[in-house]
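Protein chains in written order, with the numbering used here: chain C, 1 to 84; chain H, 1 to 84. Only one structure is covered here, and it is reproduced in the block below.
Number of protein chains: 2
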Amino acid sequence: MTPALLVGYLAALLGTVCWIPQAWKAWSTRDTSGISLLSNMLFLTTVSLWLLYGLLVADWPIIIANTFAVLAVLTIVAAKLKYK
Amino acid sequence: MTPALLVGYLAALLGTVCWIPQAWKAWSTRDTSGISLLSNMLFLTTVSLWLLYGLLVADWPIIIANTFAVLAVLTIVAAKLKYK
Numbered sequence: 001m002t003p004a005l006l007v008g009y010l011a012a013l014l015g016t017v018c019w020i021p022q023a024w025k026a027w028s029t030r031d032t033s034g035i036s037l038l039s040n041m042l043f044l045t046t047v048s049l050w051l052l053y054g055l056l057v058a059d060w061p062i063i064i065a066n067t068f069a070v071l072a073v074l075t076i077v078a079a080k081l082k083y084k
Numbered sequence: 001m002t003p004a005l006l007v008g009y010l011a012a013l014l015g016t017v018c019w020i021p022q023a024w025k026a027w028s029t030r031d032t033s034g035i036s037l038l039s040n041m042l043f044l045t046t047v048s049l050w051l052l053y054g055l056l057v058a059d060w061p062i063i064i065a066n067t068f069a070v071l072a073v074l075t076i077v078a079a080k081l082k083y084k
């Protein structure tokens, strides 16, 4: 594997898990006042579009990574809507 | 342009601007209590790795999109560190 590919896979993996602490924090503390609903709705749209892109070009790494990202960000948006 | 490419460019564009409202909110309200520092540090690492990936494969759209993303997320992390 080339260094570039290694960096790319690492970025894809990290991008999948990085929002889990935020989702956990929002649901466990119910403190979502500092979270921007607009940013998170736009980011939800972003990862949904990446998921659609992955489906259109049949790219499994993009499909898998963005399925997890959509779920994590949906969890954050749901917490924001419930505890705002 | 194919529909897939259009979706991909739209996702890339939206991913670049989506964190501007969060950065603005954090600095204007100084309310960052609900923001997860861990998630934002991991996401900062993620977009930094994508930027490095873009540089390694000499892909300008990836370089440009992730340069803006790094700046926006740095601004959020800085607000969280200052107003936590």
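A virtual CB, placed ideally from N, CA and C, is assigned to each residue, including glycine. This one's a predicted model, so the numbers in the text were calculated from it and none came from an experiment.
8 angstroms Cβ shell around SER33 (chain H) - same chain, five flanking residues per side excluded: Here residue 33 (chain H) corresponds to residue number 33 of the second sequence, with the count starting at 1. Taken in chain order, the residues that qualify are LYS84.
7 angstroms Cβ cutoff met for THR75 (chain C) and ALA12 (chain C): By 1-based counting over the first sequence, the position of residue 75 (chain C) is 75. By 1-based counting over the first sequence, the position of residue 12 (chain C) is 12. Their beta carbons are not under 7 angstroms apart, which means THR75 (chain C) does not touch ALA12 (chain C) by this criterion.
CB contact check: ASP31 (chain C) to chain H, cutoff 7 angstroms: For the purposes of this step, residue 31 (chain C) is identified with residue 31 of the first sequence, where counting begins at 1. Look at ASP31 (chain C): its C-beta is under 7 angstroms from a C-beta on chain H.
Top-ranked residue by Cα proximity to LYS82 (chain C), from C:LEU37, C:LEU14, C:PRO21, C:PRO3: Translated into the one-based positions of the first sequence, residue 82 (chain C) becomes position 82. Considering only alpha carbons, the answer is C:LEU37.
Chain-ordered chain C contacts of PRO61 (chain H) [CB-CB under 8 angstroms]: As a position in the second sequence, residue 61 (chain H) is number 61, starting the count at 1. Neighbours of PRO61 (chain H) on chain C: none; closest Cβ ~13 angstroms, over 8 angstroms.
Nearest neighbour of VAL70 (chain H), chosen from H:ALA58, H:LYS25, H:SER28, H:ASN40 [CA to CA]: Numbered from 1 along the second sequence, position 70 holds the residue referred to as residue 70 (chain H). Residue H:ASN40 is the option with its Cα nearest to VAL70 (chain H).
7 angstroms Cβ cutoff, LYS25 (chain H) in contact with chain C: Residue 25 (chain H) sits at position 25 when you count from the first residue of the second sequence. Interface residue, yes.
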